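From first to last, the protein sequence lines stand for chains A and B.
Taking numbering that gives the first Met the number 0, the leading residue of the first sequence gets 0, the next gets one more, and so forth.
Taking numbering that gives the first Met the number 0, the leading residue of the second sequence gets 0, the next gets one more, and so forth.
Every residue gets a Cβ at the ideal spot worked out from N, C-alpha and C, and that includes glycine.
Given the structure is predicted, the values throughout are model-derived calculations rather than measurements.
Number of protein chains: 2
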Amino acid sequence: MNVLKLRDTHEFIPGAMKRTFLVENSPYFKIISFNLDAGVTFPVHSHDLDGEVSIQVIDGEGAFLGEGDTEIFAQQGDILISQIREPHGVRAKTQMRILVVIAPPI
Amino acid sequence: MNVLKLRDTHEFIPGAMKRTFLVENSPYFKIISFNLDAGVTFPVHSHDLDGEVSIQVIDGEGAFLGEGDTEIFAQQGDILISQIREPHGVRAKTQMRILVVIAPPI
Numbered sequence: 000m001n002v003l004k005l006r007d008t009h010e011f012i013p014g015a016m017k018r019t020f021l022v023e024n025s026p027y028f029k030i031i032s033f034n035l036d037a038g039v040t041f042p043v044h045s046h047d048l049d050g051e052v053s054i055q056v057i058d059g060e061g062a063f064l065g066e067g068d069t070e071i072f073a074q075q076g077d078i079l080i081s082q083i084r085e086p087h088g089v090r091a092k093t094q095m096r097i098l099v100v101i102a103p104p105i
Numbered sequence: 000m001n002v003l004k005l006r007d008t009h010e011f012i013p014g015a016m017k018r019t020f021l022v023e024n025s026p027y028f029k030i031i032s033f034n035l036d037a038g039v040t041f042p043v044h045s046h047d048l049d050g051e052v053s054i055q056v057i058d059g060e061g062a063f064l065g066e067g068d069t070e071i072f073a074q075q076g077d078i079l080i081s082q083i084r085e086p087h088g089v090r091a092k093t094q095m096r097i098l099v100v101i102a103p104p105i
């Protein structure tokens, strides 16, 4: 039993994305915090693996990105659920914090 | 690709716990929103199964509960990581929203 604190990973890097692994060694899921500075894009990507990912907006707003030109407005409290093999990404309009859960971990 | 909105599950039931399944049919994880009215306890429980659970405080404050008298202050942005077979629970001091991810789903 372990308690993680999102407020311990509040840093932003100007013009870039700050990544912090919160749960890294579990056989069941990986949990990662990403802080995107305003204007930063987490590029659309996918992996040819079975599994699912959730991307929760903790703070800020922007868009979830998908295949082609897919773009879905995203704000605090929105959670994207995507297969790992489906293209997915995020673009930050404001500074944006997202929490990503990947199961199984890859 | 599907977007869930935590603000769509903001209801509280006086003196009780309101549960909403956000991701229910994935083979990889289950995601559930629980809204606990002030003073409500999500009793300590465990299952004799392999897997891990994360319990994220979305709003409000209270305590994460564990084996015996274990009690850890919990507020917005805190995430309890526990094995499914470890005893875990939550007690709400104020109205409290938690987001639970269980992998694999049980």
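Chain-ordered, the chain B residues with CB closer than 8 angstroms to the CB of Gly50/A read Tyr27. Between Phe28/B and Phe28/A the beta-carbon gap is near 7 angstroms, inside 8 angstroms, which marks them as a contact.
Using beta-carbon distances, Ser32/B does not count as an interface residue toward chain A, since no partner is under 7 angstroms. Look at Ile80/A: its C-beta is under 7 angstroms from a C-beta on chain B. Annotation: Ile101/B to Pro86/A spans about 23 angstroms, alpha carbon to alpha carbon. Below the 8 angstroms Cβ cutoff, chain B contributes Gly76, Asp77 and Ile78 as neighbours of Lys4/A, in chain order. Taking Ile105/A as reference, the option from Glu66/A, Asp47/A, Leu98/A and Gln94/A with the minimal CA-CA separation is Asp47/A.
Here the alpha carbon of Ala73/B sits roughly 12 angstroms from the alpha carbon of Leu5/A. Taking the beta carbon of Ile71/B as reference, the chain A residues within 7 angstroms of it are Val2, listed in sequence order. When C-alpha distances from Leu35/B are compared across Ile57/B, Gly67/B, Thr69/B and Ser81/B, the shortest belongs to Ile57/B. Beta-bridge annotation (DSSP): Gly88/A is paired with Leu64/A.
Taking Gln75/A as reference, the option from Gly38/A, Thr93/A and Gly88/A with the minimal CA-CA separation is Thr93/A.
If you draw a straight line from the Cα of Leu79/B to the Cα of Ile31/A, it comes to about 14 angstroms.
Burial check for Asp49/A: the Cβ neighbour count within 10 Å stays below 16, so the residue is exposed. Rounded to the nearest whole angstrom, the C-alpha separation of Gly14/B and Pro42/B is 14 angstroms.
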